[in-house]
Amino acid sequence: MEISQLKYIYFLGIGGIGMSAIARWFVANGYAVAGYDKTPTPLTEALTAEGAIIHFEDDINLIPSAFLENISETLVVYTPAIPKDHLEFNWLKDNGFTLNKRSQVLGLLTQKLFTIAVAGTHGKTTTSSMVTHILKQSGKNVTAFLGGITQNYGTNFLINDHPNDIICVVEADEFDRSFLTLSPDISIVTSTDADHLDIYGSHEHVLESFQLFVDRLKPNGTVYVQANQNLKNGEGTQQFSYSLQSGDYFAENLRIEEAIFKFDLRHPNGIIKGIEMALPGYHNVENAIAASAACLQVGVNEQDIVKSLASFGGVKRRFEYHIRTKNLVYIDDYAHHPTEIEAFLSSVKALYPHKKLTAIFQPHLFSRTNDFQEDFAKSLELADDLILMNIYPARELPMEGVTSAIIFDKIHNQNKTICAKENLLNLIRSKKPELLVTIGAGDIDTFITPIKSLLNELNSIQ
40 MEISQLKYIY FLGIGGIGMS AIARWFVANG YAVAGYDKTP TPLTEALTAE GAIIHFEDDI
100 NLIPSAFLEN ISETLVVYTP AIPKDHLEFN WLKDNGFTLN KRSQVLGLLT QKLFTIAVAG
160 THGKTTTSSM VTHILKQSGK NVTAFLGGIT QNYGTNFLIN DHPNDIICVV EADEFDRSFL
220 TLSPDISIVT STDADHLDIY GSHEHVLESF QLFVDRLKPN GTVYVQANQN LKNGEGTQQF
280 SYSLQSGDYF AENLRIEEAI FKFDLRHPNG IIKGIEMALP GYHNVENAIA ASAACLQVGV
340 NEQDIVKSLA SFGGVKRRFE YHIRTKNLVY IDDYAHHPTE IEAFLSSVKA LYPHKKLTAI
400 FQPHLFSRTN DFQEDFAKSL ELADDLILMN IYPARELPME GVTSAIIFDK IHNQNKTICA
460 KENLLNLIRS KKPELLVTIG AGDIDTFITP IKSLLNELNS IQ
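Going by my numbering, the letters in the sequence shown line up with residues 40 to 501, in that order.
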């Protein structure tokens, strides 16, 4: 089925952040959109205001008749969270409707639209958001499906301004191999480290999946690969490398001045001088190099790249400042893999070399903690003072013998503490940190507001 054949798009689970983004794209581009979800949310209210028809009871009779009467022109999009005994899901499946997961629908969109897809075990959300921001600021007609809330736009989804010459930016997720549905014109691969081994089983299978992603390029497509990744483009496509210090695209004259990363970008056709990053971090400089390379290819001029990177505010929970004063700094980051933690903490220490760095880390998943226990310990040793929380289980049941202690015992830093959630604020109060970071992909973000209030209180007392 092709997008051009469709008139009606029906969503089962329309209120999810990823599903609602696709629903909004179809509404904005003239399709009839309806859907079911369990409960109303601000996302469903916004969709209703934009023209979608949404109900909250599992009842076939509430599906608009035009959708039911035009099977060949109707696509049903569903979330895997829909229960197997869901009445609407089973009726639509049994009556000949085409049912696709969200990732499959993104694949259909990328077949139709000029697409830039950003993949990687680390950096894909920030890099895809950078690409989107540069394109938007340079006047390109961009639509974007991102994996995080951008600070500049307050959303994970941007709608194109008109139906012609659309550039579609997609964050390509390797988690369940869903990125293998995409058909990009330009791909970026930021990293291929071992991760999601509960899904893939081995690093070798992770690498195989990323190679298959690169193979998904359209004819005459281009892939930009971080220089340390061993991936090969297929016949009829081209490949460029990038990194901080080498490759076809790299940084020159990289330095930190007044807590701002500054550099020049060397590329095959010249050099872009005077880049200043609003978003800190060595890893984010590398992300900016990749984003700039892709944007140069689609005709963005160098000065628009310089201006856009200077105004890019980042993504929620990616090197996000919550307090930034002379005496007190508090930063939160989503890092949950040892490579990400090392990149983040190294950058923080480079920015604030004379401040004592206190880090709070909440491990995410029992399997990931077990698979990378030594690497976690090594990366966390970069902190001057470490507070280690209990493992956030997410989708997993506990694993025998796997607790935060298996990381804790391998950390050589003597300034370390294992802390339960209920004791965290009191421990922070006792330490009176001057430079504090919270790290993790679990529910550690629920502590951001209380930590911020506590730190401001302590700072006002001093």
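We put the CB at the ideal spot given by N, CA and C, even for glycine. Model, not experiment: these values are computed from the prediction.
- In the structure shown, what three-state DSSP assignment does S586 receive? This structure gives no information on residue 586, because the portion of the chain shown stretches from 40 to 501.
- Distance, Cα to Cα, L421 vs V264? Whole-angstrom Cα-Cα distance: 28 Å.
- Message: On the CB-based measure, 16 or more other CB atoms within 10 Å of its CB, does E127 come out buried or exposed?
- Response: buried
- Message: Rounded to the nearest angstrom, what separates K395 and A349 at their Cα positions?
- Response: 28 Å
- Between the beta-carbon of F400 and the beta-carbon of M438, is there less than 8 Å? The answer is no: Cβ separation not under 8 Å.
- Message: Give me, in chain order, the residues of the same chain whose beta-carbon lies closer than 6 Å to that of F153; leave out the 5 immediate sequence neighbours on both sides.
- Response: I206 and D224
- Looking only at its own chain, which residues have a Cβ that is under 7 Å from the Cβ of L246, when we skip the five neighbours before and after it? T231
- Query: Would DSSP call N495 helix, strand or coil?
  - Reply: helix
- Around the Cβ of I99, are there at least 16 other Cβ atoms within 10 angstroms (buried) or fewer (exposed)? exposed
- Query: Would the stretch 477 to 491 and the stretch 367 to 385 be scored as touching if the rule is three or more Cβ pairs under 8 Å?
  - Reply: The stretch 477 to 491 makes contact with the stretch 367 to 385, as at least three CB pairs between them are under 8 Å.
- Which first and last residues belong to the alpha helix (DSSP H) in which L419 is found? Q412 to L419
- Alpha carbon to alpha carbon, what distance is there between E325 and T189? 18 Å
- Message: If you measure between the beta carbons of I450 and T408, is that distance less than 8 Å?
- Response: no
- For N199, does the count of other Cβ atoms within 10 angstroms reach 16, so buried, or fall short, so exposed? buried
- Item | Identity of the residues DSSP links to M316 by a beta bridge | F300
- Could you give the uninterrupted runs of the beta strand (DSSP E) lying entirely in the stretch 332 to 409, keeping only those of 3 residues or more? 359 to 363, 368 to 372 and 396 to 400
- Use the C-beta contact count for A298: other C-beta atoms within 10 angstroms, 16 or more gives buried, fewer gives exposed. exposed
- 7 Å CB neighbourhood of F405 in its chain, flanking five on each side removed: I430, P432, E435, P437, M438 and V441
- Task: Return the chain-ordered list of same chain residues with a C-beta closer than 6 Å to the C-beta of L463, the five sequence neighbours on each side being excluded.
- Result: none
- Query: Once you ignore the five residues that flank L497 on each side, which residues in its own chain have a CB closer than 6 Å to its CB?
  - Reply: Answer for L497: K471, listed in chain order.
- Given a cut-off of 8 Å, decide if I362 and V452 are closer than it, judged by their beta-carbon atoms. It should be noted that the sequence gives Asn, not Val, for residue 452. No, Cβ-Cβ distance for N452 and I362 is not below 8 Å.
- Do you know how far the Cα of T83 is from the Cα of I56? 10 Å
- Does DSSP put Y321 in a helix, in a strand, or in coil? Helix, per DSSP.
- Task: Give me the Cα-Cα distance between G74 and V115, rounded to the nearest whole angstrom.
- Result: 9 Å
- Leaving out five residues before and five after G135 in sequence, what residues of the same chain have Cβ atoms less than 8 Å from its Cβ? I110
- Task: Report the option in S104, K257 and G54 whose CA atom is closest to the CA atom of Y47.
- Result: S104
- Validate contact between the stretch 294 to 308 and the stretch 136 to 143 using beta carbons, cut 8 Å, 3 pairs: no
- Query: Would DSSP call L221 helix, strand or coil?
  - Reply: coil
- Classify P402 as buried or exposed, calling it buried when 16 or more other Cβ atoms lie within 10 Å of its own Cβ. buried
- Message: Does the structure place the stretch 254 to 274 close enough to the stretch 168 to 181 that three or more beta carbon pairs sit under 8 Å?
- Response: Taking a cut-off of 8 Å for Cβ pairs, the stretch 168 to 181 and the stretch 254 to 274 do not touch, as fewer than three such pairs fall below it.
- Please check the pair Q336 and T220, which I expect to be a contact at CB under 8 Å, by giving their CB distance rounded to whole angstroms. Their Cβ separation, rounded to whole angstroms, is 23 Å, which puts Q336 and T220 out of contact at 8 Å.
- Task: Go ahead and pull the three-state DSSP assignment for H201.
- Result: Three-state result, H201: coil.
- What does E210 pair with, by DSSP beta-bridge criteria? V157
- Query: At what residues does the beta strand (DSSP E) containing D424 begin and finish?
  - Reply: D424 to L427
- Task: Could you say which of S385, F447, F289 and K388 lies nearest to Q412 if we only look at CA atoms?
- Result: F447
- Message: Just to confirm the assignment, what range does the beta strand (DSSP E) spanning I61 have?
- Response: Going by DSSP, I61 is part of no beta strand (DSSP E) but of the alpha helix (DSSP H) stretching over I56 to A67.
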